[in-house]
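A.B. asks:
In UniProt numbering, the protein residues as written are 1 to 142.
1) Using the Cα positions of residue 73 and residue 113, report the straight-line distance between them to the nearest angstrom.
2) Given a cut-off of 8 Å on the beta-carbon distance, is the pair residue 20 and residue 41 in contact?
3) Keeping to the same chain, check which residues put their C-beta closer than 7 Å to that of residue 124; ignore five residues upstream and five downstream.
4) Does the distance from the CB of residue 16 to the CB of residue 39 come in under 8 Å?
5) Among 52, 106, 141 and 102, which one has its Cα closest to the Cα of residue 29?
6) Classify residue 143 as helix, strand or coil using the three-state DSSP reduction.
7) For chain B, check one thing: does any of its Cβ atoms lie closer than 8 Å to the Cβ of residue 91?
8) Between residue 76 and residue 108, what straight-line distance do the alpha-carbon atoms span, to the nearest angstrom?
9) What are the boundary residues of the beta strand (DSSP E) that includes residue 108?
10) For residue 85, which residues from the same chain have a beta carbon less than 8 Å from its beta carbon, with the 5 sequence-adjacent residues on both sides left out?
11) So, for residue 121: in the same chain, excluding its five sequence neighbours on each side, which residues have a beta-carbon less than 7 Å away from its beta-carbon?
12) Going along the chain, which unbroken runs of the alpha helix (DSSP H) with 4 or more residues stay wholly within the stretch 29 to 89?
13) Applying the 10 Å Cβ sphere with the 16-neighbour rule, what's the burial state of residue 62?
14) Output the distance between the C-alpha atoms of residue 128 and residue 102, rounded to the nearest integer angstrom.
15) Could you check how far apart the C-beta atoms of residue 25 and residue 67 are, in whole angstroms? I think they sit under 8 Å.
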């Protein structure tokens with residue numbers, strides 16, 4: 001069974017972050033420039049929250065707030081659901097599905113060491129299923 005550490009070996013451990021006192025507009029710009037849907041919010045080197053495009057849409061746009069006058073800390077999600085590198089892909093899929101979230105910071109103690117998304121998890125499940133199907137075809141073919 002694949003674990004989060006295997007996903008990070010493939011996708012890398014780059015984590016994009018932002019400080020809680022930064023305007024939401026800057027967070028949205030960073031997400032767009034980096035092609036990601038969420039940023040971890042760090043207070044120093046400690047995880048304070050997570051801010052996503054969904055947070056922006058629901059807590060700024062729909063409420064008529066100003067992106068440049070609203071701090072990330074006002075819309076970030078906290079506490080943050082996290083996983084360790086040893087967590088299984090299946091457990092992460094279940095956590096994302098049950099909690100209705102799309103991004104999971106990966107932590108080692110209190111340090112963020114990576115970020116996985118629901119897309120990463122779906123890809124891992126598809127790859128694993130394709131490998132199993134290939135093995136079954138080879139077994140049947142002899």
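Built from N, CA and C at the ideal position, the CB exists for glycine as well.
C.D. replies: Short version:
1) Those two C-alpha atoms are separated by around 21 Å.
2) It is a contact, given that the beta carbons lie within the stated cut-off.
3) Around residue 124, the same chain offers 2, 7 and 89 as residues with beta carbons nearer than 7 Å, after the five sequence neighbours per side are excluded.
4) Yes, the Cβ-Cβ distance between residue 16 and residue 39 is below 8 Å.
5) Checked all of 52, 106, 141 and 102; the closest Cα to residue 29 is 52.
6) Lying outside 1 to 142, the shown extent of the chain, residue 143 is not represented and no answer is given.
7) Any reference to chain B falls outside this structure, which holds one protein chain only.
8) Approximately 21 Å between the Cα atoms of the pair.
9) Under the DSSP assignment, residue 108 falls in the beta strand (DSSP E) whose first and last residues are 103 to 108.
10) Once the five neighbours on either side are set aside, the close Cβ partners of residue 85 are 3, 4, 5, 8, 106, 108, 113 and 114.
11) Contacts found: 89, 92, 93 and 96.
12) Complete alpha helix (DSSP H) runs here, min 4: 53 to 56 and 72 to 75.
13) By the 10 Å Cβ count, residue 62 comes out exposed.
14) In a straight line, the C-alpha of residue 128 is about 20 Å away from that of residue 102.
15) Residue 25 to residue 67, Cβ: 4 Å. Contact.
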